[in-house]
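In the numbering used here, the protein residues as written are 101 to 460.
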């Protein structure tokens, strides 16, 4: 698909403005307390409605994938998407068969982009209506399997299908409800694909601009949601975070800091907000306010009398198959839990800067 045609099919929006910071309303303490009480009562309901439904793969369901309905032999079978999630969590990448299929999908998209405008006009309309049509939905799988995974034949068949469909049904061919509804996994895949596109040297400027627009909009919506949820949280549950935001705003109040928790929780804002507040509470409990608001090194722990040579927490010299660092924790009863947590924290922050860990 030529750059000019894609620009017509997917107009590139102007650069997004800088995200306006969420500001807490300026009200009196009594008014604030009354308003907070009302909002606190609604938080559970808000979070419940914002979470992906139980049928979708989400942080809530991923933690208990094998929900047993009876004896061990009756454990629930994982869906295709859940299998992919489990493989990514363990190995840092998709299963080989899923990687191979994704490459075939890319080949089909390349073939479609080289076809004449008139042949793909109906397909472009369908893609405008459903951006997930060829990227994440099962739509393209049907044609690939029917054509023995031949990308050129599949591209022609898909274009012909939508051309005939529009000729038969008119505008109703693209109406609401005739296409599959994207699930939670589709949204995560689209976001991850957009992030990879930003750093892919083989992508052209228009594709990168579209990917950047999507990534920025996801960040804007989710960061605003986290800010509002934190504001609605009772004061006692966010005291450490508010103190850190005053002492070290360049970290605690930064978008980059919040995005770490959003990314960890697959951009489910309720889970990300809870994790961020719990992070600061436990960090204050372990290190105290002064040390918690600066970079903590292994030397700091040595100076505090924590011997790292006891072997409770070890950063191994080798890595796993994906190049990720390996940390081994030996939780003997003779070692105190706070000491192990402090050393673990320092090691985890060291390895979190690893390029392989961020990519897998």
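Each residue gets a CB set at the ideal place from its N, CA and C atoms; glycine is no exception. Predicted model, so just to flag it, every value in this text is computed and none were measured.
- With respect to residue 215, residue 259 sits close: the two C-beta atoms are nearer than 8 Å.
- Boundaries of the beta strand (DSSP E) around residue 415: 413-419.
- For the pair residue 333 and residue 377, the CB atoms are nearer than the 8 Å cut-off.
- Following the DSSP letters along the chain, one finds residue 315 inside the alpha helix (DSSP H) bounded by residues 305-332.
- Secondary structure of residue 238 (DSSP, three-state): coil.
- In terms of Cα proximity to residue 331, the closest of 373, 267, 416 is 373.
- The C-beta of residue 392 has 16 or more other C-beta atoms within 10 Å across all chains shown, which makes the residue buried.
- In the DSSP assignment, residue 258 falls within the alpha helix (DSSP H) that extends over 251-269.
- Under the three-state reduction of DSSP, residue 426 is assigned to strand.
- Going by beta carbons, residue 207 and residue 251 fall inside the 8 Å limit.
- For residue 378, the enclosing alpha helix (DSSP H) starts and ends at 369-392.
- Using a Cβ distance threshold of 8 Å, residue 429 and residue 444 count as a contacting pair.
- Separation of residue 414 and residue 421 (C-alpha to C-alpha, rounded to the nearest whole angstrom) is 19 Å.
- The closest CA to that of residue 439, considering only 383, 450, 394, is found on 383.
- Counting C-beta atoms within 10 angstroms of its own C-beta, residue 336 has fewer than 16 neighbours from the protein chains shown and is therefore classed as exposed.
- By the Cβ-count criterion, residue 370 is buried, with 16 or more other Cβ atoms from all chains shown falling within 10 Å of its own Cβ.
- Two segments are said to touch when three or more pairs of C-beta atoms, one from each, lie closer than 8 Å; by this definition the segment 307-322 touches the segment 350-370.
- In this structure, the straight-line span from the alpha carbon of residue 394 to that of residue 339 is close to 18 Å.
- The Cβ neighbour count for residue 289, taken over all protein chains shown within 10 Å, is at least 16; the residue is labelled buried.
- Secondary structure in the segment 180-210: the alpha helix (DSSP H) runs of 4 residues or longer, each lying completely within the stretch, are 180-191 in chain order.
- For residue 302, no alpha helix (DSSP H) encloses it, and the DSSP letter there is neither H nor E.
- For residue 227, the enclosing alpha helix (DSSP H) has its first and last residue at 217-229.
- With a 10 Å radius around the Cβ and a threshold of 16 neighbouring Cβ atoms, residue 417 comes out exposed.
- When rounded, the separation of the alpha-carbon atoms in residue 305 and residue 268 is 36 Å.
- Ranked by Cα distance from residue 205, the options 241, 184, 231, 180 are led by 241.
- A buried status is given to residue 358, since no fewer than 16 other beta-carbon atoms sit within 10 Å of its beta-carbon.
- A distance below 8 Å separates the beta carbons of residue 298 and residue 308.
- Shortest Cα-Cα distance from residue 425 to any of 192, 185, 277, 198 involves 192.
- Contact annotation, residue 353 with residue 345: C-beta distance approximately 5 Å; criterion of less than 8 Å satisfied.
- Residue 231 and residue 375 have their C-alpha atoms some 31 Å from each other.
- Annotation for residue 312: 298 place their beta carbon closer than 7 Å to its own, counting only its chain and skipping 5 residues before and after.
- Taken through DSSP and simplified to helix, strand or coil, residue 278 comes out as coil.
- For residue 361, the enclosing alpha helix (DSSP H) stretches over residues 355-364.
- Taking the Cα of residue 296 as reference, the smallest distance to any Cα among 273, 284, 310, 283 is reached at 310.
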